[in-house]
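Following the numbering used here, the numbering of the sequence shown begins with 727 at its first residue and continues without gaps.
The beta-carbon is built from N, C-alpha and C at its ideal position, and this holds for glycine as well.
Values in this document were obtained by computation on a predicted structure and should not be read as measured data.
Here's the structure we're looking at; comments come further down.
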Amino acid sequence: CAQCHDHPYDPITQKEFYQFYSFFNNADEAAVGVPKFRTSDLAAKEAALEKAKGVARAEAEAWVKKTSADLAYNATHPSKTEVLEVLKAESTSGAKLELQKDGSFLVTGVVPDKDVYTLRLRMSQADVSAIKLEVLPDKGLPKNGPGRAKNGNFVLEQLLIEGHQLISATTDYHQQEFDPGGALKDAEKTGWAISPEMGKTHQATFELENPITKAGEITVRLIQNYGGNHVIGRFRLSSISGEQRPVPNQVHKLKPDQIDELEKHYFAQINPTTAALAKELAEAKKRNRVDARVIQQRSRNPRPTYIFHRGDFLQPQKDLGAVQSNPPALAHRFEIKNANRLDLAKWIVAEENPLTARVVSNVIWAHLFGEGLVPTPDDFGTRAPSPGHRRLLDWLANEFIRLGWSRKQLIKTIVMSRSYRQSSGHRPELANLDSYNYLLHRQNRPRVEAEIVRDLHLSVSGLLSKKIGGESVFPPISADVAAISFASSFKWKTSSGDERYRRGMYTFFKRTAPDPNLITFDCPDSNLTATSRSSSNTPLMALATLQNEVFHEAAQTFTKNLLENPALQTDMQRLTQGFRACLARFPEEAELVTLTGLLKDNREYYQNDKESALKLAPSKYPDPVEAAAWVATIRIITNLDEFIVRN
């Protein structure tokens, strides 16, 4: 009413409405990058990465120190390389090994799946410390080779020298997971390969355990049993004399300005520990920022606020002048020139403000007792009912402020009181005196909220996930319901694993189509702010807890726990334990008799209908008839009014 005109039943005048509106009329929106979760989590990941980098850097520095020493040694102890003279060369597959002018072999003829090249070679130099294998490109090979596979690759599974042991192998390049060290082992699916660097010359140096001290003949075998035509197409073998320490060929080519880039690449790609941490941190940072629209106060060109004639924004009454920002007089006005939203925020939590502490205290009281001291928590106006206990509401408001506006402390104060802890049982002697329980002669019996109904079933079965925080989850709902609720605008992807059993408060909530199970238990939609929830009692609620997939899974798991508990050997023990777990009390004798009879009837029913028993019992349970009878019985206990009502 106040937006258009003054009203005799409204304590807020039209002018006061626009004075309050002025606080929010003078604001702009700005896009701000806001973290989606705690920056301390990112800091922990960054600290873990830096710690791992420190360890990796120490290892890398040790490697650099050793490699530098090896390079210095090699510079003062030059080696001599000689292409080996071929005495005999043959292939187990029958392929031809044709000797070329440069001392290399070009393999032609049949292209086998696997092959072994055996070469008898003569060395003219003594003190041979290593054998070098060069693989060479050739136009006659697929993709220019040097392999004979369709993509030009090869896999050297093992290199053997008769009578001599090899201890290490280095190369200028090797394929991931196919390093030359694999060619020293007698193992399948290992060896040296070069993908994707085909069509180029590559070399591998194999160091001998003991140098060959005299010139003479040696026999070398190149074993290539990987399969898929991965055999070498052109190659050359040479001997290296002199004690040269193996150093990767790339190190020789490294320039000083490449050191920093190499370190970054090592941490991000090579070292498995730092690479995994770096990837995790990068993904976390990517997920952690989201553009949020933030309202900020206008610092330039403040927008004047006028009273609109009959509430029409096209008819501002400029002749009356712009109004000054201020709360309504009813709620303790303040006189601050050019007041802004920060002033309003301070006013809201000011001790002299008569509203905030009372409203919040009343909402907390309503949550704990089922109804507030003021029955209308969203309306403290002149037409709202007066507080049932004015002095108590004032005391709660002052205590709330004294406790530092701590909701937890106020809740603790209330729940430790005798009023809260009294029984919910009916008291006939006071029924006529206080039929609506205004005087709290007993505790009320409010039903728990919609989200907690589901949580109770999951908790008693042991399925409830205790994970805190995170993104929304999608518990199972009927495909038909999802199709009607969301149509083609949204696809409900049911969560799996522990996410399926998160607390109800984490359920994804689409504003225009809330979760149907929550709506059934009076959960309001999110189109408008709701300070309280209505409480109804309909047959749909019982049908939901009996037939909904999540409640059914909870009953199955609860049944399995009871039947497999070695401490529970009889029906009476299991029924008593199930009753206590659900209702936090021992069953009375009459209740046990009823449940025992129900269990007996269920056994007889499912004994005659084993197909239904298989559907109801936990999956792959050895005795589906017995399990189904217990599931049906347990669902009766979990559907008792006492299970979802707070006593």
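Cβ-Cβ distance between residue i and residue j below 8 angstroms
{"i": "Ser830", "j": "Arg960", "result": "yes"}
{"i": "Pro872", "j": "Leu862", "result": "yes"}
{"i": "Gln851", "j": "Ser967", "result": "yes"}
{"i": "Arg1237", "j": "Ser1252", "result": "yes"}
{"i": "Asn1373", "j": "Arg1171", "result": "yes"}
{"i": "Ile958", "j": "Leu882", "result": "yes"}
{"i": "Ile1074", "j": "Tyr744", "result": "no"}
{"i": "Pro734", "j": "Gly1107", "result": "no"}
{"i": "Lys906", "j": "Thr916", "result": "For clarity, residue 906 is Pro in the given sequence; the question names Lys instead. Their beta carbons are not under 8 angstroms apart, which means Pro906 does not touch Thr916 by this criterion."}
{"i": "Leu1340", "j": "Asp1297", "result": "no"}
{"i": "His1167", "j": "Leu1182", "result": "no"}
{"i": "Ala1001", "j": "Ala1008", "result": "no"}
{"i": "Glu935", "j": "Leu892", "result": "yes"}
{"i": "Thr1302", "j": "Phe1312", "result": "yes"}
{"i": "Leu1119", "j": "Ser1087", "result": "yes"}
{"i": "Ala909", "j": "Gln884", "result": "yes"}
{"i": "Ala930", "j": "Ala895", "result": "yes"}
{"i": "Ala1281", "j": "Thr1364", "result": "yes"}
{"i": "Met924", "j": "Gly953", "result": "no"}
{"i": "Ser1143", "j": "Ser748", "result": "no"}
{"i": "Pro1344", "j": "Val1276", "result": "no"}
{"i": "Val1179", "j": "Ile1370", "result": "yes"}
CA-to-CA distance, residue j to residue i, given in whole angstroms
{"i": "Arg1116", "j": "Pro1154", "result": "27 angstroms"}
{"i": "Leu810", "j": "Thr939", "result": "16 angstroms"}
{"i": "Val812", "j": "Trp918", "result": "23 angstroms"}
{"i": "Leu1244", "j": "Val1174", "result": "12 angstroms"}
{"i": "Asn1274", "j": "Ile1203", "result": "7 angstroms"}
{"i": "Ala1123", "j": "Pro1240", "result": "34 angstroms"}
{"i": "Asn1163", "j": "Glu1225", "result": "41 angstroms"}
{"i": "Ser965", "j": "Glu888", "result": "15 angstroms"}
{"i": "Ile944", "j": "Gly780", "result": "47 angstroms"}
{"i": "Glu1368", "j": "Thr1322", "result": "19 angstroms"}
{"i": "Lys911", "j": "Tyr1347", "result": "49 angstroms"}
{"i": "Ala941", "j": "Asp853", "result": "8 angstroms"}
{"i": "Phe1247", "j": "Asn1158", "result": "31 angstroms"}
{"i": "Glu933", "j": "Ala769", "result": "46 angstroms"}
{"i": "Ala1355", "j": "His1278", "result": "13 angstroms"}
{"i": "Glu1006", "j": "Val790", "result": "28 angstroms"}
{"i": "Leu1309", "j": "Leu1056", "result": "48 angstroms"}
{"i": "Lys792", "j": "Leu867", "result": "39 angstroms"}
Classification of residue i by the beta-carbon crowding that lies within 10 angstroms, buried from 16 upward
{"i": "Val1351", "result": "buried"}
{"i": "Gln740", "result": "buried"}
{"i": "Cys1249", "result": "buried"}
{"i": "Ala913", "result": "exposed"}
{"i": "Ser1161", "result": "exposed"}
{"i": "Arg1361", "result": "buried"}
{"i": "Arg1084", "result": "buried"}
{"i": "Met849", "result": "buried"}
{"i": "Gly1098", "result": "buried"}
{"i": "Asp839", "result": "exposed"}
{"i": "Pro1053", "result": "buried"}
{"i": "Cys727", "result": "exposed"}
{"i": "Ile920", "result": "buried"}
{"i": "Asn955", "result": "buried"}
{"i": "Trp1091", "result": "buried"}
{"i": "Gln950", "result": "buried"}
{"i": "Pro1103", "result": "buried"}
Beta bridge counterpart(s) of residue i as assigned by DSSP
{"i": "Leu963", "result": "Leu859"}
{"i": "Glu808", "result": "Ser965"}
{"i": "Tyr843", "result": "Ser817, Leu948"}
{"i": "Ala1076", "result": "None, per the DSSP bridge assignment."}
{"i": "Val1371", "result": "Arg1173"}
{"i": "Pro1042", "result": "Phe1034"}
{"i": "His733", "result": "None, per the DSSP bridge assignment."}
{"i": "Gly942", "result": "Met849"}
{"i": "Thr834", "result": "Lys822"}
{"i": "Ile958", "result": "Gly873"}
{"i": "Glu933", "result": "Ala856, Ser894"}
{"i": "Thr793", "result": "Partner(s): none; Thr793 has no beta bridge."}
{"i": "Trp918", "result": "Leu882"}
Test: residue i CB closer than 8 angstroms to a CB of chain C
{"i": "Gly1037", "result": "No chain C is present in this structure, which holds just one protein chain."}
Would you mind listing the beta strand (DSSP E) stretches within the segment 1106-1157 that are 3+ residues and don't spill past its ends, in chain order?
none
Which full runs of the alpha helix (DSSP H) of 4+ residues lie inside the segment 1159-1227, going along the chain?
Runs found: 1176-1187, 1205-1212.
Scan the segment 868-915 and note each continuous beta strand (DSSP E) run of 3 residues or more that stays entirely inside, going in chain order.
If only uninterrupted beta strand (DSSP E) runs of at least 3 residues are considered, those enclosed by the segment 868-915 are 884-887, 892-897.
Mind listing, in chain order, the continuous alpha helix (DSSP H) runs of no fewer than 4 residues lying wholly within the segment 1267-1353?
Entirely contained in the segment 1267-1353, the alpha helix (DSSP H) runs reaching 4 residues are, in chain order, 1275-1290, 1297-1309, 1315-1333, 1336-1342.
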